[in-house]
Amino acid sequence: MSSHTHNHVHTIADDIKDKTFQDVSLCYQCGKCSAGCPVRYYMDVAPNKVVRLIQLGFYEEALKSTTPWLCAGCMTCSSRCPQEFDLAKFMDAVRETAIEKGVKVKDKDIITFHKAFLNQIKSFGRAYEVGLVAEYKLKTMHLFDDVDSSPGMLLKGKLKVLPHNIKDKESVKKIFKKTAKK
Ligand code: SF4
Ligand code: SF4
Numbered sequence: 003m004s005s006h007t008h009n010h011v012h013t014i015a016d017d018i019k020d021k022t023f024q025d026v027s028l029c030y031q032c033g034k035c036s037a038g039c040p041v042r043y044y045m046d047v048a049p050n051k052v053v054r055l056i057q058l059g060f061y062e063e064a065l066k067s068t069t070p071w072l073c074a075g076c077m078t079c080s081s082r083c084p085q086e087f088d089l090a091k092f093m094d095a096v097r098e099t100a101i102e103k104g105v106k107v108k109d110k111d112i113i114t115f116h117k118a119f120l121n122q123i124k125s126f127g128r129a130y131e132v133g134l135v136a137e138y139k140l141k142t143m144h145l146f147d148d149v150d151s152s153p154g155m156l157l158k159g160k161l162k163v164l165p166h167n168i169k170d171k172e173s174v175k176k177i178f179k180k181t182a183k184k
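Every letter in the sequence shown is one number past the one before it in this note's numbering, and letter 98, counting from 1, is 100.
Encoded structure:
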């Protein structure tokens with residue numbers, strides 16, 4: 003499948019490069035990104051390891067991972083990276099590629115949740131402190147499994163609890179812009 007010949011085969015790494023304008027080889031696996039990721043504990047593969055999988059050509063493992071779907075786009079990783087590798091942007095590209103390639107993500111509910119979550123936040127027309135958003139996303143993910151609870155209602159009710167101060171409006175807006183295309 004991934005046999006390399008002298009003719010350059012357009013790889014998933016190339017796809018990601020096209021989408022993000024950055025090369026995965028920039029990352030030297032220092033792990034600073036994952037150390038600061040508020041959602042790391044819940045991910046099946048650490049954020050830096052998703053980059054590693056792509057670097058090594060283990061595309062399926064990377065695209066199947068729940069990690070990009072749990073990523074809250076908080077940009078903590080991107081701002082910490084000594085290589086200025088924008089991991090948040092990379093995660094967007096991995097999600098996009100997984101959709102394009104029709105890859106079956108390990109937990110399909112995560113995709114539904116991801117979309118419902120973003121739509122809900124968007125419909126509030128107000129940005130929230132992104133770390134809290136990440137945490138909130140995780141807390142509600144399992145509630146989403148309840149057969150009778152509408153995710154919309156659930157999120158509406160719970161989101162009122164979040165503070166109204168806007169600390170990172172621009173980055174949240176960016177996330178929506180990118181994700182809204184899907
Ligand atoms: S902080 Fe940057 S260089 Fe370090 S592992 Fe993460 S993406 Fe790679
Ligand atoms: S943008 Fe995603 S991967 Fe990066 S620190 Fe935030 S939640 Fe983790």
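Beta carbons: idealized from backbone N, C-alpha and C, even for Gly.
Distance cut-off 7 Å: residue i Cβ against heavy atoms of ligand 1
| i | result |
| --- | --- |
| K19 | no |
| G33 | yes |
| C79 | yes |
| K87 | Per the sequence presented here, residue 87 reads as Phe, with Lys not at that position. It does: the Cβ of F87 is within 7 Å (strictly closer) of some heavy atom of ligand 1. |
| C73 | no |
| C29 | yes |
| N9 | no |
heavy atom of ligand 2 below 7 Å from residue i C-beta
| i | result |
| --- | --- |
| K84 | The amino acid at residue 84 is misidentified as Lys; the sequence shows Pro. The answer is no for P84. |
| T13 | no |
| P53 | Note that residue 53 is Val in the sequence shown, not Pro. Not so, every heavy atom of ligand 2 lies at least 7 Å from the Cβ. |
| V41 | yes |
| A90 | yes |
| G38 | yes |
Does the count of Cβ pairs from the segment 33-45 and the segment 10-24 closer than 8 Å reach three? Under the 8 Å Cβ criterion, the segment 33-45 does not count as touching the segment 10-24, having fewer than three qualifying pairs.
Decide yes or no for the touch test of the segment 27-43 against the segment 59-66: beta carbon pairs closer than 8 Å, at least 3 of them. Not touching, per the Cβ criterion.
Answer yes if the segment 79-89 comes into contact with the segment 100-107, meaning at least three C-beta pairs across the two stretches below 8 Å, and no otherwise. no
Whole alpha helix (DSSP H) runs in the segment 39-113 with 4 or more residues, listed along the chain? 49-58, 61-66, 69-72, 78-82 and 89-102
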